[in-house]
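Mapping of the sequence shown onto this note's numbering: residues 28 to 796, in sequence order.
Even for Gly, the Cβ is constructed at its ideal location relative to N, Cα and C.
Here's the structure, in structure tokens; my notes come after.
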Amino acid sequence: MAETPATPSAIPAATVYGYPRQGPDRELKKAVEGYWAGRVTAAELGSTSETLRRDNWRRLADAGVAEVPTGDFSLYDHVLDTTVMVGAIPERHRAAVEADPLDGYFAMARGTQDVAPLEMTKWFDTNYHYLVPELGPGTTFTADPAKQLGELREALALDLEARPVLVGPVTYLLLAKPAPGVDPAFEPLSLLERLLPVYADVLAALRSAGATWVQLDEPALVQDRPRAVLDAVATAYRYLGGLTQRPKLLVATYFDRLGEALPVLADAPVDGLGLDFTGPAATNLDDLTALGGLPGRRLVAGVVDGRNIWINDLERSLTTLTALRDLAARVDVAASCSLLHVPYDAALETEIDPEVARWLAFARQKTAEIVTLARGLAGDDISGELAANQAALRSRATSPLTRVPSVRARAEAVTAADTRRAQPYAERTEAQRTRLGLPPVPTTTIGSFPQTSELRTARADLRAGRIDQAAYDERMEAEIRAVLAFQEEAGLDVLVHGEPERNDMVQYFAEQLDGYVATQHGWVQSYGSRYVRPPILAGDISRPEPMTLRWTTYAQSQTSRPVKGMLTGPVTMLAWSFVRDDQPLADTARQVALALRDEVADLETAGTGVIQVDEPALRETLPLRAADRTAYLAWATEAFRLATAVVRSETQIHTHMCYAEFGEILAAIDDLDADVISLEAARSHMQVAHELAEAGYPREVGPGVYDIHSPRVPSVAEVTSLLRKGLDAIPADRLWANPDCGLKTRGWPEVRASLENLVTAAREIRGEA
Ligand code: GLN
Ligand code: ZN
């Protein structure tokens, strides 16, 4: 490639790191699932994928994006694609991959009858899940750049400027875990020197195929990293930057500020850096300025929030961009991260009030904003766009939806006393014991029972008008009666109504709270072919009417045993929605908490003695940087207490969390001041019970003794043995017996057998058997 002269290359361009893969109508989901079901051939899947990629690129190019991303597309997950690219196929999948690369790929993602899939976990603090690479001292890497090369060639054939996007080598290793059978202390990063030559091969191949620039994504560097990791970053980029046969390298970071990794990357012989300038990452501007910028190099400025669905404040972004202009040879404009995390096109949302719809920006609208900003930075006249943007922002700031005086006044009037129960735990527990009269090691479940196709059909029938509300309610009540009858027969102590009326634990509440807005087409990828449609926290939140009271009181009227009320906590409501960006998260959480507090109070007044408020997202939304965690945990736990502290001492508050890595939030869990916590523990052999005990956790604990992620029925002996392990850490008067999580994804036969075994095991432990 001939060196471009300085002036034209200095014109700011618009670019993106990645685009939603699914297509405007989730065409990819249909094709992939059709392939799994045998309805779609490999060739058809391939051509659907190619069409989706081409449409995305054309759409980006037509909108004015100068350099389109390639390689960001995936049939399942881009980290799994990277595993294929570097040849790190786990031993147990190798035969399948060799026999048929496509089927082998899906086997790694989903497992087969005989072979377990790769583990799946959250991609940083987003709701996207990636497949965890499994590495060990024996791992060897070989370059397989076919997918990257294929997509690059497709884009070049359309006469587009294209920039392949790869997961960077340091992030890839930091996201990996020791393979099964490997010493758990093994550090995948120790394989860096073995991995780098493979990246060199891929880069050389991309260069030969016509790539001028290649992007290496290193989001793992926005987390607190020890010196050894920063040294590894320096080593990696000294090596890659020193290659002779290579394209220009753009190292992109996102999701937070780069911090101590910024000088390391700035010193590396790479040609450009991508930095996030949104939210807490805005301090990248000061850090970059203090460092003296990136003279002679390219800076890609992520000024449009790639994780939220609100229109950008174009004037504010232009101010940032203008400040950045003198800090690099060329400043391009981008979203803070890949647009993978936002839905396709807000223009499809024809059912949203047009006044609200004009505040929304999905991938397509964000692309237009990026292009507008690049033009503005280049000196084009964008006054028309700025004026329209200012008007939309003003409409949002002054809308009766976003400012409800009564909601604001109530939130402001919250006092510390509102967030504290009247008596400390030790005194409450006596009152609860007297009221509930439960045996030692009481048994319960986490809330949901199997969501059968009959239940889903009833919901669909109601929506389509095939049945009326009364008929729907009768079906739900029948289900509740059946679920209660089973629990009584099985001998469970604290019953649940089974959540048959809930489509989803967040959506169910979002649909009933004022201030939330639902989308029709706002799908984002959660993992593989699974897409979610997060509701939007658009305005001030309030509860016009009770949300669960009817079902809980109905259930309680059918049994003499205690029925547990079931709510989704404020932090989880935020975590699985699109949140407001025009006020602190703490303010939104407080509004949601107050709405839930009303529900808790109504449940108690109706005679509910046990109320569970689920917070599975408390650990998930922990900020990436340790320095931000104290503030987060303070408002998060306060919101939970505000929602629950309204009850009298004899009303027992439960909470539930799913994942077992609690180390860092043990103190926060205590700070929730719940009376009972249930958590996932079956697979980790009750480890969490021991962690809680060691931390001096004083309350009641229900570590899961039935792994609900598998259809396997645990035997009585297994559950008894887990309970005994629990008893090693937690005394019998504070230990509960329950499954790991809700049962909604399970089938009735296995649920029945498993819960019967669980009750038998608890009785054995009590000496009743
Ligand atoms: N109460 C919910 C249920 O049982 C909890 C689900 C969850 O923790 N994710 O389904
Ligand atoms: Zn759970």
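Verify the contact flag: residue i, CB atom, against every heavy atom of the ligand ZN, threshold strictly below 8 Å.
i	result
M684	yes
D244	no
G525	no
D531	no
D767	yes
P643	yes
I473	yes
E707	yes
According to DSSP, what are the bridge partners of residue i?
i	result
T595	D641
S781	Per DSSP, none; premise fails for S781.
K275	W240
L162	P205
G299	L277, R325
M147	L158
T68	According to DSSP, T68 bridges with nothing at all.
S433	DSSP output for S433 lists no bridge partner at all.
F605	I563
T97	P191
A764	T470
How should residue i be labelled, buried or exposed, when 16 other C-beta atoms within 10 angstroms of its C-beta is the threshold for buried?
i	result
T271	exposed
A565	buried
T167	exposed
M28	At M28 the pLDDT is 37, less than 50, meaning the model places this residue with poor confidence and gives no usable figure here.
P47	buried
E376	buried
Q175	buried
T471	buried
R343	exposed
L318	exposed
S781	buried
A388	buried
A33	For A33, the predicted structure reports a pLDDT of 39, less than 50, and the residue's modelled location is therefore unreliable. The matter cannot be settled from this model.
N154	buried
R493	exposed
Give the single residue among the options whose Cα lies nearest to the Cα of residue i.
i	options	result
A661	L612, V431, D294, A374	L612
E158	A37, V640, A143	Note on identity: in this sequence residue 158 is Leu, with Glu being the wrong assignment. Per the Cα distances, A143.
A395	S433, N339, G61	N339
P738	E791, S74, T78, Q140	Q140
V590	P571, T678, S410	T678
A390	W337, R137, G690, R790	W337
H78	W63, G91, A58	The sequence given here places Thr at residue 78; His does not occur at that position. Cα-wise, what sits closest to T78 is A58.
Under the three-state reduction of DSSP, which class applies to residue i: helix, strand or coil?
i	result
E647	coil
Y44	coil
R357	strand
E30	Residue placement at E30 is poorly supported in this model, since its pLDDT is 41, which falls under 50; the coordinates are not used for a value here.
Y157	strand
D313	helix
S36	Here S36 scores only 46 on pLDDT, less than 50, and its place in the model is too uncertain to base an answer on.
P589	coil
R455	helix
Y371	coil
I379	coil
L736	Note on identity: in this sequence residue 736 is His, with Leu being the wrong assignment. H736 falls in the coil class under three-state DSSP.
V544	strand
V715	helix
I680	strand
A362	strand
I692	helix
S475	strand
D340	coil
E504	helix
Got a sec: does the ligand GLN put a non-hydrogen atom nearer than 8 Å to the Cβ of residue i?
i	result
Q639	yes
M112	no
G731	no
L601	no
K771	yes
M574	no
M135	no
M593	yes
The ligand NAP and residue i: does any heavy atom of the ligand fall closer than 8 Å to the residue's C-beta?
i	result
P296	The ligand content of the structure shown is limited to the ligand GLN and the ligand ZN, which means the ligand NAP is not among them.
Within 9 Å of any Cβ in chain D, is that where the Cβ of residue i sits?
i	result
E396	No chain D is part of this structure, which consists of one protein chain only.
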